[in-house]
Amino acid sequence: MAARATASLPWIWLTLLLALCLQVMPLADGWQIWRPDWLGLMLIYWCMKAPHKVGVFHGFALGILVDLIQGAPLGQNALLLSLLAFLCALVYPRFRAYSLLQQAVLILVLLGTVQLVEQWLRTLLGPFAIHLSFLLPSVIGALLWPWLTTLFRAFRRRGSEE
46 MAARATASLP WIWLTLLLAL CLQVMPLADG WQIWRPDWLG LMLIYWCMKA PHKVGVFHGF
106 ALGILVDLIQ GAPLGQNALL LSLLAFLCAL VYPRFRAYSL LQQAVLILVL LGTVQLVEQW
166 LRTLLGPFAI HLSFLLPSVI GALLWPWLTT LFRAFRRRGS EE
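Under the working numbering, the letters of the sequence shown match residues 46 to 207, in that order.
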C-alpha cells in the first residue's frame with residue numbers, strides 16, 4: 046500500500062511532461078516512423094496504475110499541448126489521447142490481472158486503435174496516403190511496455206524503502 050502512496054500528482058505530471066518532450070522532440074526524417082508513442086505509453090501506465098488520479102482530462106490536456114506544439118488541427122491529439130484514456134478506463138479491471146506479456150498485447154491493441162483513428166482523421170482533414178507503417182510505433186510501444194513497467198516498479202520500490 047505504501048508504493049501506491051508514492052504516486053504523487055507532481056511525479057505523475059513530471060513523467061507525463063517528460064514523455065511529451067520525447068514525443069515532440071525533432072528527429073531526422075527517416076527516424077520519425079521508429080519513434081514509439083511515448084506520451085500514449087505514459088498515459089496508459091498512469092491510467093492503469095493510478096486511475097483515481099489520471100484519466101480522460103489528463104489525456105485531453107496533454108493532447109491540446111501536443112496540438113499547440115506540433116501545429117496540428119486543434120483538438121486532434123486531444124481527441125486521440127482522451128480516447129486512449131477512456132479505453133484504458135474500460136479495460137482497467139482486467140488489465141491488472143494480466144501478465145506482462147498479455148499487457149503488452151493489450152498495449153498493442155490500444156495504441157494501434159488510437160493510431161488507426163489518427164490515420165482516419167488525417168484522411169478526413171486532407172490528402173494523406175495510408176500504409177501499414179503507421180502501426181510501427183504501436184508495435185515498438187508494446188515491446189517497450191515490460192521494460193517501462195519494470196523500471197517504474199523499481200522506482201516505486203526504491204521510493205517506498207526510503
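For each residue, glycine too, the CB sits at the ideal point set by N, CA and C.
Remember, predicted model here, so these are calculated numbers, not experimental data.
C-alpha gap between residue i and residue j, whole angstroms
{"i": "R141", "j": "L153", "result": "16 angstroms"}
{"i": "M208", "j": "S144", "result": "Within the shown structure, residues of the chain are numbered from 46 to 207, placing residue 208 beyond reach of any answer."}
{"i": "R202", "j": "A73", "result": "37 angstroms"}
{"i": "L119", "j": "T158", "result": "20 angstroms"}
{"i": "L84", "j": "T168", "result": "23 angstroms"}
{"i": "W79", "j": "L126", "result": "20 angstroms"}
{"i": "L146", "j": "A123", "result": "29 angstroms"}
{"i": "Q160", "j": "E206", "result": "39 angstroms"}
{"i": "S53", "j": "S178", "result": "37 angstroms"}
{"i": "F131", "j": "P138", "result": "13 angstroms"}
{"i": "P71", "j": "D112", "result": "15 angstroms"}
{"i": "L151", "j": "A187", "result": "8 angstroms"}
Candidates the options, of which the one nearest residue i by Cα
{"i": "A174", "options": "L119, Q164, S183 and P182", "result": "Q164"}
{"i": "L63", "options": "L110, K94 and H97", "result": "L110"}
{"i": "Y90", "options": "Q115, I57 and R80", "result": "I57"}
{"i": "C212", "options": "G108, F102, G75 and G100", "result": "Because the chain spans 46 through 207 in this model, residue 212 falls outside it and cannot be assessed."}
{"i": "D82", "options": "L129, I114 and G116", "result": "L129"}
{"i": "G100", "options": "L135, A187 and L181", "result": "L135"}
{"i": "V184", "options": "A106, Q148, F200 and V69", "result": "Q148"}
Range covered by the alpha helix (DSSP H) that runs through residue i
{"i": "H97", "result": "Careful: H97 lies outside any alpha helix (DSSP H) and carries neither H nor E."}
{"i": "I78", "result": "Counting along the chain, I78 falls outside any alpha helix (DSSP H), and DSSP gives it neither H nor E."}
{"i": "G204", "result": "L181 to E206"}
{"i": "A117", "result": "Looking at the DSSP string, A117 is not in any alpha helix (DSSP H), and its letter there is neither H nor E."}
{"i": "A64", "result": "L54 to V69"}
{"i": "G157", "result": "L145 to L170"}
- Is there contact here, the stretch 178–195 with the stretch 78–94, by at least three beta-carbon pairs under 8 angstroms? yes
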